[in-house]
Amino acid sequence: MLLRVLGTAAGGGTPQWNCACPGCTGARRHPARRRLHDGLALQPADPGAWFLANATPDIAGQLESHRTLLPDAGQERTPVVRVVLTDAELDHTLGLLRIREASRIEIWCTEPVRKALTTRLALDEVLSPYTALRWNDLPLTGAERPTDIGGLHVSAVPLSAKRPRYAAGEPAHPAWSVALKVRDPATGKTALYAPALASWSEPLEQEIADSDCVLLDGTFLTDDEPPRTGFSRRTASAMGHLPVEGPNGTASRLCGRGGKTGRRILYTHLNNSNPLGDPDDPAHERLAGLGLGVAADRMVVNL
Ligand code: MLT
Ligand code: MN
Ligand code: ZN
Numbered sequence: 042m043l044l045r046v047l048g049t050a051a052g053g054g055t056p057q058w059n060c061a062c063p064g065c066t067g068a069r070r071h072p073a074r075r076r077l078h079d080g081l082a083l084q085p086a087d088p089g090a091w092f093l094a095n096a097t098p099d100i101a102g103q104l105e106s107h108r109t110l111l112p113d114a115g116q117e118r119t120p121v122v123r124v125v126l127t128d129a130e131l132d133h134t135l136g137l138l139r140i141r142e143a144s145r146i147e148i149w150c151t152e153p154v155r156k157a158l159t160t161r162l163a164l165d166e167v168l169s170p171y172t173a174l175r176w177n178d179l180p181l182t183g184a185e186r187p188t189d190i191g192g193l194h195v196s197a198v199p200l201s202a203k204r205p206r207y208a209a210g211e212p213a214h215p216a217w218s219v220a221l222k223v224r225d226p227a228t229g230k231t232a233l234y235a236p237a238l239a240s241w242s243e244p245l246e247q248e249i250a251d252s253d254c255v256l257l258d259g260t261f262l263t264d265d266e267p268p269r270t271g272f273s274r275r276t277a278s279a280m281g282h283l284p285v286e287g288p289n290g291t292a293s294r295l296c297g298r299g300g301k302t303g304r305r306i307l308y309t310h311l312n313n314s315n316p317l318g319d320p321d322d323p324a325h326e327r328l329a330g331l332g333l334g335v336a337a338d339r340m341v342v343n344l
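Counting in my numbering, the final residue of the sequence shown is number 344, and the numbers go up one at a time with none missing.
Given below as structure tokens:
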């Protein structure tokens, strides 16, 4: 399968329209540092059967920058878009409104995510005059059989009960935020996509060990980055994002799991305050020493 990285930024993107922090200013000065909201397109052996992992506010431009995601010459329109969601966050779902020109949008997500999108955001009501939304259950790894989307087997690893801010009144549920596991039965290769990692768990560790490519929450480099940069008064972990470095960081847990093992482990969902947005930051070298890396917009991973 091909994994097309459509974007690698956290909510707001880099640069963020109302921000003049060093990361946003640097991205305005150096266009190669720009990052669109994080999302993926996954392509099985049949390239026409692609689907999206998350639908970001940047989705239309993200599709435009990958020729194989556009309608073929002679085909008038892309009639159906398939989208698998990791959560109900606005940076991962607002793109559903942007692709309303499709005649149908097939969505796979967990139950609390569907409820938030249909009741709090009223997506069914708002979009029904434009397109047909079809909701499908996203099966949980281990408990249920994966679902087949265009020849790829997809399931979800529950990660946390972290709700979007607009759904704060909704009940707790262990699958508000999940990692997507995508396996190509033709090759046996597996990708894991977890852009919002609030806590570490044994099942997650096992899924990482079973994967050939892992795209992981790299929102903040350190736990104190949000208060230190004035982004938020809360720490990274209090915001539902384990930091990359430091005592509760994910890098030390992942040390030796990437690199020479052949497994690619790449951070994504970078906030614009994250020093990793600067390619010259010494943190890149520290991560490389652990066999880890940072995903780039428009990169294609061939699994
Ligand atoms: C998150 O990743 O924590 C959310 O997307 C933040 C937000 O956009 O409010
Ligand atoms: Mn986000
Ligand atoms: Zn900024």
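Ideal Cβ positions, reconstructed from N, Cα and C, are used throughout, including at glycine.
Shortest alpha-carbon distance to residue i belongs to which of the options?
i: cysteine 150; options: Arg139, Glu166, Ile190 and Thr231; result: Ile190
i: alanine 227; options: Ser242, Ala213 and Gly192; result: Gly192
i: serine 196; options: Gly54, Thr127 and Ala329; result: Thr127
i: alanine 143; options: Val125, Asp132 and Glu117; result: Glu117
i: isoleucine 306; options: Asp264, Ala235 and Pro288; result: Ala235
i: isoleucine 146; options: Asp87, Pro153, Val154 and Gly136; result: Gly136
i: leucine 83; options: Gly52, Pro63, Leu104 and Arg76; result: Leu104
i: valine 198; options: Trp241, Pro205, Ala157 and Asp99; result: Trp241
i: arginine 269; options: Ser293, Leu233 and Pro316; result: Pro316
i: arginine 155; options: Ala129, Ser169, Arg274 and Pro72; result: Ala129
i: aspartate 344; options: Ser252, Gly53 and Arg204; result: Looking at the sequence provided, one finds leucine at residue 344 rather than aspartate. Among Ser252, Gly53 and Arg204, the Cα nearest to that of leucine 344 is on Ser252.
i: cysteine 254; options: Thr276, Ala239, Gly290 and Thr302; result: Thr302
i: arginine 175; options: Arg141, Ser201 and Ala202; result: Arg141
i: valine 341; options: Asp258, Pro72, Pro170 and Arg108; result: Arg108
i: glycine 52; options: Asp319, Pro323, Gly259 and His325; result: Gly259
i: alanine 90; options: Thr119, Pro56, Ser106 and Pro98; result: Thr119
i: alanine 420; options: Pro72, Trp58, Ala250 and Pro98; result: Here the chain has residues from 42 to 344 only, and residue 420 is not among them.
i: histidine 282; options: Leu158, Thr159, Ala329 and Leu200; result: Leu200
i: leucine 81; options: Arg75, Leu245 and Phe92; result: Phe92
I need the straight-line Cα distance from residue i to residue j, nearest angstrom please.
i: leucine 256; j: glutamate 211; result: 28 Å
i: methionine 280; j: leucine 110; result: 34 Å
i: alanine 96; j: valine 121; result: 14 Å
i: phenylalanine 261; j: proline 284; result: 5 Å
i: valine 124; j: leucine 221; result: 12 Å
i: arginine 224; j: histidine 133; result: 22 Å
i: leucine 333; j: glycine 183; result: 27 Å
i: arginine 327; j: glycine 297; result: 13 Å
i: cysteine 62; j: threonine 188; result: 42 Å
i: glutamate 243; j: arginine 70; result: 42 Å
i: proline 85; j: valine 46; result: 15 Å
i: glycine 271; j: proline 180; result: 39 Å
i: arginine 304; j: histidine 194; result: 19 Å
i: serine 314; j: leucine 162; result: 28 Å
i: aspartate 79; j: serine 293; result: 23 Å
i: aspartate 264; j: histidine 325; result: 17 Å
i: arginine 275; j: proline 267; result: 7 Å
i: alanine 157; j: alanine 208; result: 6 Å
i: isoleucine 148; j: valine 219; result: 15 Å
i: aspartate 319; j: alanine 202; result: 32 Å
i: aspartate 113; j: alanine 213; result: 43 Å
With 16 other CB atoms within 10 Å as the buried threshold, where does residue i fall?
i: valine 167; result: exposed
i: methionine 42; result: buried
i: glycine 229; result: exposed
i: glutamine 247; result: exposed
i: glutamate 309; result: A small fix is needed here, since residue 309 is threonine in this sequence, not glutamate. Per the 10 Å Cβ criterion, buried.
i: glutamate 286; result: buried
i: asparagine 312; result: buried
i: glutamate 185; result: exposed
i: arginine 339; result: exposed
i: glycine 102; result: exposed
i: glutamate 152; result: exposed
i: alanine 216; result: buried
i: glycine 48; result: buried
For residue i, which beta-bridge partners are listed by DSSP?
i: valine 341; result: Arg45
i: proline 199; result: Val219
i: glycine 136; result: In DSSP, glycine 136 forms no bridge with anything.
i: tyrosine 25; result: Because the chain in this structure spans residues 42 to 344, residue 25 falls outside the shown range and cannot be described.
i: isoleucine 100; result: Per DSSP, none; premise fails for isoleucine 100.
i: arginine 123; result: Glu147
i: phenylalanine 92; result: Leu83
i: cysteine 254; result: Ala232 and Arg305
i: threonine 188; result: Val195
i: threonine 55; result: Arg76
i: aspartate 265; result: BP columns for aspartate 265 are empty, so no partner.
i: valine 335; result: Tyr308
Going by the C-beta, is residue i closer than 7 Å to any heavy atom of the ligand ATP?
i: histidine 325; result: The model depicted lacks the ligand ATP and carries the ligand MLT, the ligand MN and the ligand ZN instead.
Any residues whose CB sits closer than 6 Å to a heavy atom of the ligand ZN? List them in chain order? Gln57, Cys60, Cys62, Gly64, Cys65 and Asn313
The ligand MLT: which residues have Cβ under 5 Å from any of its heavy atoms, chain order? Gly52, Glu130 and Asp132
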